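Accompanying notes for the structure given below.
Residue numbers (this note's numbering): 418 to 835.
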C-alpha cells in the first residue's frame, strides 16, 4: 500500500530485492528491454520472459521464493526463410525459509541457432531434454508433467524443485537428487556447452532431438553474483555430481492429434563417459506417454532406468529407477491436477546409503487473463495464480537408516510473455 514501507524478510539482502525489482521492471515493459521490430522485417530483436513468486508453509515454518528471467533473441531472416539468431538468458532468483536463505544472479543459457526447413541447429550453453526448445511453453518431451504450476523456472511438477526450496536443506538435497527419475533421463537439465539438433516434424507425427556435450563443466550456468546462509543440516546433503565427458543425449517423439484425442509417445536417452578413475560411464533411458481427451482430461505416465546397459553397481546392486503418473482436468480458466512419484537410487553421501522417496502432490491454478494479450498483439502473455499441497516420504537404508515425512503448502503467482 502507498505510504507504507516494506521490510525484506530475514536473509534476503537489499541487493537481492533490487535485482528482483529490476528484472520485474523489464518483464513489465519488454519493449524497453528490446525494440520489437515489425514481424515482416528481416531483422528483429525478440524478447520473452517470466516472473514467478511463491510463498509456502512447511513443517519447519513459512518461506518465500521469487524468480524472474529475461531471454533476448536478435535474429535475422534470410530470403529463403532461414532464421539465424543469438539468444541470451538472464536469471535472478532468491528464497528464504526459516534460518536459511539464498539468492543468485546468473546467465544460465547463451547460444546461437538456425531454424529452417532442415529443423533447428543450436550451439551454446543451454538445457537438454525435456526442456522446452521454444519460448516458455510446455515441452512435449515431458510426458508426466501436471499443468497447474509454473511452466519454467522452479516448478511444481516432478523434479520442479519449488516445494523443496521450503524444506530443510539436507532433506531437500536428497529428494532433489532423486526426482529426475521417472520424469526424464539423467543429465536432461545440464546447461553445459553443447551442440543440439532438432528435426522437423514429419507428416506422420515423428520428430527427434540430439545433443552432444564435450564436458559437463558448468551445470548451473554462468554465475554473476549470489549469497547463501543456512544452518547445519540434520541430514547429510547429497553431494554434487561429478563432471562428465562426452555426454550424448537423444529423444524420439511421436504425436497424433484428432478432434477428440491428442497422444504423445516417446523416449529420451543419455550416455556420459567416465567422471574419474573411480566412476565409469553411465547411461539413462526414460520413456512415457501423454493422452489428452477433448482438451479436458490429461493422463501422463513415464519411467526412468539408469545404467540399463550393465549390471547395477555399488553395495546395494540396484540400478536407479523411478516412475511418475500424473493427471489434469481443465475447466474454463481452472486447472486441477496432481501426480505421484516413486524413485530410488544410491545416495551421494559419505557412507553407503540407498535412498527412496514417494511424493504425492495435488494442485490448482486459475488463469487471470483469458485473452493472453496484456502486452498487446505482439506478445502472447499468461498471468495465473497457483497453489499445491506437496507430501513426501523419504527413506534411507544402509549404515545410517533414517525416515523423514513432511508436507509443504505452496501458493503463488506467475506472469510470462513470448
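Beta carbons are placed, not taken as given, at the ideal position from N, Cα and C, and that holds for glycine. Nothing here was measured: the structure is a model prediction, and the numbers come from that model.
Spatial distance of residue 453 from residue 794 (CA atoms)
Any reading at residue 453 must be qualified, since the residue scores a pLDDT of 42, below 50, and its modelled position is unreliable; no value is offered.
Using the rule of at least 16 other Cβ atoms within 10 Å of the residue's Cβ for burial, across every protein chain shown, is residue 678 buried or exposed?
exposed
Reference residue 474; option with closest CA among 749, 580 and 545:
580
Cβ pair residue 598, residue 721 closer than 8 Å
yes
Could you spell out where the alpha helix (DSSP H) holding residue 507 opens and where it closes?
Premise fails: residue 507 lies in the beta strand (DSSP E), 500-514, not in any alpha helix (DSSP H).
Secondary structure at residue 586, three-state DSSP: helix, strand or coil?
helix
Please say whether residue 805 and residue 562 have beta carbons closer to each other than 8 Å?
no
Alpha carbon to alpha carbon, how far is residue 762 from residue 717? Give it in angstroms, no decimals.
23 Å
DSSP state of residue 617, grouped into three classes?
coil
Can you pull the DSSP bridge partners for residue 526?
506
For residue 664, count neighbouring C-beta atoms within 10 Å of its own C-beta (all shown protein chains included) and say buried if the count is 16 or more, exposed if not.
buried
Indicate whether the contact test is met: 3 or more Cβ pairs, each with one atom in the stretch 624-636 and one in the stretch 795-803, closer than 8 Å.
no
Residue of 821, 652 and 542 minimising C-alpha distance to residue 524:
542
Three-state secondary structure (DSSP) at residue 558?
coil
Quick check: the stretch 501-513 against the stretch 525-533, are at least 3 beta-carbon pairs closer than 8 Å?
yes
Kindly give me the distance between the Cβ atoms of residue 538 and residue 512, rounded to whole angstroms, as I take these residues to be in contact under 8 Å.
At roughly 36 Å, the Cβ-Cβ gap does not stay under 8 Å, so residue 538 and residue 512 are not in contact.
Give a yes or no on whether the C-beta atoms belonging to residue 379 and residue 602 are separated by under 8 Å.
Absent from the model: residue 379. The displayed extent of the chain is 418 to 835, so no value can be given.
Where residue 535 and residue 568 are concerned, what is the direct C-alpha to C-alpha distance, given to the nearest angstrom?
28 Å
Going by DSSP, what residue range makes up the beta strand (DSSP E) through residue 568?
Counting along the chain, residue 568 falls outside any beta strand (DSSP E), and DSSP gives it neither H nor E.
Extent of the continuous beta strand (DSSP E) run through residue 688:
678-689
Is residue 775 closer than 8 Å to residue 759 when the C-beta atoms are compared?
yes
How many whole angstroms separate the CB atoms of residue 632 and residue 660, which I take to be in contact at a CB cut-off of 8 Å?
6 Å
As assigned by DSSP and simplified to three states, the class of residue 723
strand
Based on Cα-Cα distance, which residue from 573, 668, 791 and 684 lies nearest to residue 614?
668
Counterpart residues of residue 487 in DSSP-defined beta bridges
466 and 507
To the nearest angstrom, how far is it from the Cα of residue 486 to the Cα of residue 816?
42 Å
Are the CB atoms of residue 508 and residue 520 nearer to each other than 8 Å?
no
Between the CA atoms of residue 623 and residue 681 - distance to the nearest angstrom
10 Å
Relative to the alpha-carbon of residue 821, which residue among 698, 772 and 752 has its alpha-carbon at the smallest distance?
772
Contact check, residue 777 vs residue 808, beta carbons under 8 Å
yes
Output needed for residue 442: all residues of its chain with C-beta closer than 7 Å, excluding positions within five of it in sequence on either side, in chain order.
The pLDDT assigned to residue 442 is 46, lower than 50, so where the model puts this residue is not dependable; a value taken from the coordinates is nonetheless given after this. There are no such residues.
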